Amino acid sequence: MPRLSADARHTVRLAVNGRAHAAEAEPRMLLTDFLRQKLGLTGTHVGCEHGVCGACTVQIDGAPARACLTLAVQADGTAIRTVEGLSEPGRLSVLQEAFRRHHALQCGFCTPGILMSLDWYLRQVPDPDEAALREFLSGHLCRCTGYVPIVAAALDAAKRLRDA
Amino acid sequence: MKPAPFDYLRAETLAEANAALATEGSDAAVIAGGQSLVPLLSMRMARPKLVVDIMRIAGLGDIAVQDDAIRVGAAVRQAALLAWPELGARQPLLAQALPWVGHWQTRARGTVCGSLALADPSAELPLCLLALGGSVVLSSASGRRSVAADDFFTGLMSTARRDDELIEAASFPCRRAGTGYAFGEFARRHGDFAIVACAAVATGKSVRLAVGGVADRPALREFDEPSDDGLDAFAAELEARDDLHATADYRRQLVRRLGRKTIEEARCRV
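Chains A and B, in that order, are what the protein sequence lines are. Sequential numbering of the first sequence, starting at 23, is according to our numbering. Sequential numbering of the second sequence, starting at 16, is according to our numbering.
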């Protein structure tokens with residue numbers, strides 16, 4: 023691959039929520055900004071922008087990761103899943119529905135990242151215990167809820183997904 | 016919080032990456048998982064002219080057992096090593112320490128060798144490499160060299176890696192018979208930087224204790240017969256400093272308490 027120049031834009035090709043996309047980015051563009059500004063997918067939130075808060079968490083090639091700690095050019099050729107891909111139009115996913123039922127969000131800023139992490143985790147660990155869930159959620163900051171309703175929503179969603 | 020402009024090169028071969036580093040020297044930065052470099056770029060604490068991506072170089076993503084050590088290639092992500100089915104049997108210290116490295120969401124991208132290259136004084140992987148007596152393989156246009164952990168970590172976020180070199184692999188010695196391994200950490204929140212982290216390797220004769228989070232780099236002490244006085248002396252020598260998270264005195268106290276507990280756990284496993 024040729025060296026990509028700092029002051030030019032380069033085509034980045036990736037799949038987002040199962041759809042192929044191509045858009046231009048400078049080498050320094052973060053994946054968060056690429057998703058939001060180039061693809062118009064503003065569900066991925068920009069919080070601390072240095073990997074601490076977890077608001078920008080998306081799934082890259084099937085694993086949850088910080089979009090703000092990834093350059094768009096690094097993500098060339100990957101498959102990304104964002105919060106926009108969680109539900110069918112007009113119908114929330116089981117996890118999203120559980121968040122609503124348990125009031126697991128107030129301002130909602132951290133929610134897309136937490137949903138993308140939990141969506142992955144509940145597929146890996148269908149019957150999680152609360153301690154493991156809390157450890158897993160340590161990668162996310164929520165300043166509204168105190169986490170109690172988030173944990174309750176995740177446990178409820180896990181049960182419903184198991185029973186489904 | 017946006018990086019300053021830089022060129023980007025996705026190297027296809029190790030030779031291509033080596034050539035770029037030979038030409039650019041300290042103006043180049045190597046990116047693998049990017050979990051440390053990208054925030055440094057965003058905060059403009061790092062302003063390289065060129066970022067060399069090594070993640071798609073064939074062969075760097077391998078985990079192999081070689082000469083009684085686990086050889087972890089530069090592109091191996093922390094989550095991949097943790098998920099390696101042989102890890103617990105081959106080296107229990109790594110299996111115990113890796114869940115403490117960042118969070119699931121950063122381990123999915125961050126690499127083992129990237130953490131070694133950053134050499135954060137409170138990071139778990141440099142601590143394990145030192146406790147186990149491991150080494151790193153440095154590659155450059157002029158060849159390869161292997162550097163022992165003890166010589167590799169030279170100070171605060173500083174290593175023996177030259178500007179024209181990159182870490183090609185790290186080598187963690189496998190578990191030995193008659194040896195017990197234990198890891199312990201105290202942090203404000205799971206996944207945060209350690210206030211103090213300890214790794215102990217015990218045999219019937221002696222115990223090696225490595226301590227991170229206190230001095231400017233992980234520190235190692237070998238005890239024939241660990242005693243409270245010995246731990247006190249070790250803690251005092253580490254030149255702990257006060258910071259936002261803990262006082263120096265608190266850190267020394269943690270070295271004594273957590274150090275003793277970790278040593279006891281390792282000895283129980285001999």
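For every residue, glycine included, the Cβ atom is placed at its ideal position computed from N, Cα and C. In this text the structure is predicted, and so the values were computed from the model without any measurement.
query	result
Given this structure, state the Cα-to-Cα distance separating B:Val66 from B:Pro20, to the nearest angstrom.	10 Å
Between the Cα of A:Leu177 and the Cα atoms of A:Phe121, A:Leu114, A:Ala97, which residue gives the shortest distance?	A:Phe121
Please go through the segment 69-123 of chain A and give each complete beta strand (DSSP E) segment of 3 or more residues, from N-terminal end onward.	79-82, 85-88, 101-103
Can you tell me the Cβ-Cβ gap for B:Glu288 and B:Ala212, rounded? I've got them flagged as a contact below 8 Å.	Outside the displayed range of chain B (16 to 285) lies residue 288 of chain B, so it cannot be described from this structure.
Would you be able to state if there are at least three C-beta pairs under 8 Å between the segment 167-176 of chain A and the segment 22-33 of chain B?	no
Which of the three DSSP states, helix, strand or coil, is assigned to A:Leu52?	strand
Determine the direct distance from the alpha carbon of B:Met60 to that of B:Leu113, and round the result to whole angstroms.	27 Å
In angstroms, rounded to a whole number, what distance separates the CA positions of B:Pro188 and B:Arg71?	26 Å
Thinking C-alpha only, which one of B:Ser150, B:Pro63, B:Phe198 is nearest B:Pro107?	B:Phe198
Got a sec: which bits of the segment 71-85 of chain A sit with their beta carbon under 8 Å from any beta carbon on chain B, in order along the chain?	Glu71, His72, Gly73, Gly76, Thr79, Ile82, Ala85
Hey, does B:Thr28 have any beta-carbon neighbour from chain A nearer than 8 Å?	no
At what residues does the alpha helix (DSSP H) containing A:Glu152 begin and finish?	152-159
Which complete beta strand (DSSP E) runs does the segment 120-161 of chain B hold, if anything under 3 residues is left out?	150-155
So what does DSSP say about B:Leu224, is it helix, strand or coil?	strand
Tell me, to the nearest whole angstrom, how far the beta carbon of B:Ala217 is from that of B:Ala281; I am working on the premise that it is less than 8 Å.	4 Å
Could you spell out the range, first to last residue, of the alpha helix (DSSP H) harbouring B:Pro289?	The requested residue 289 of chain B does not occur in the structure, where chain B is confined to residues 16 to 285.
Which class does B:Leu75 belong to by DSSP, given the choice of helix, strand or coil?	coil
What's the call for B:Asp244, buried or exposed, on a 16-neighbour Cβ count within 10 Å?	exposed
Between the segment 38-72 of chain A and chain B, which residues of the former have CB atoms less than 9 Å from a CB of the latter, in chain order?	Glu48, Pro49, Arg50, Met51, Leu52, Asp55, Val68, Cys70, Glu71, His72
Using the beta-carbon of each residue, which ones in chain A are nearer than 8 Å to B:Val66?	Pro49, Leu93
Compare the C-alpha of B:Glu237 against each of B:Arg86, B:Trp119, B:Asp166, B:Leu147 and name the closest.	B:Leu147
Would you mind reading off the limits of the alpha helix (DSSP H) that contains B:Val270?	263-283
Hey, could you find the ends of the alpha helix (DSSP H) B:Ala112 is sitting in?	107-112
Going along the segment 168-187 of chain B in order, which residues come within less than 7 Å of chain A, judged by CB to CB distance?	none
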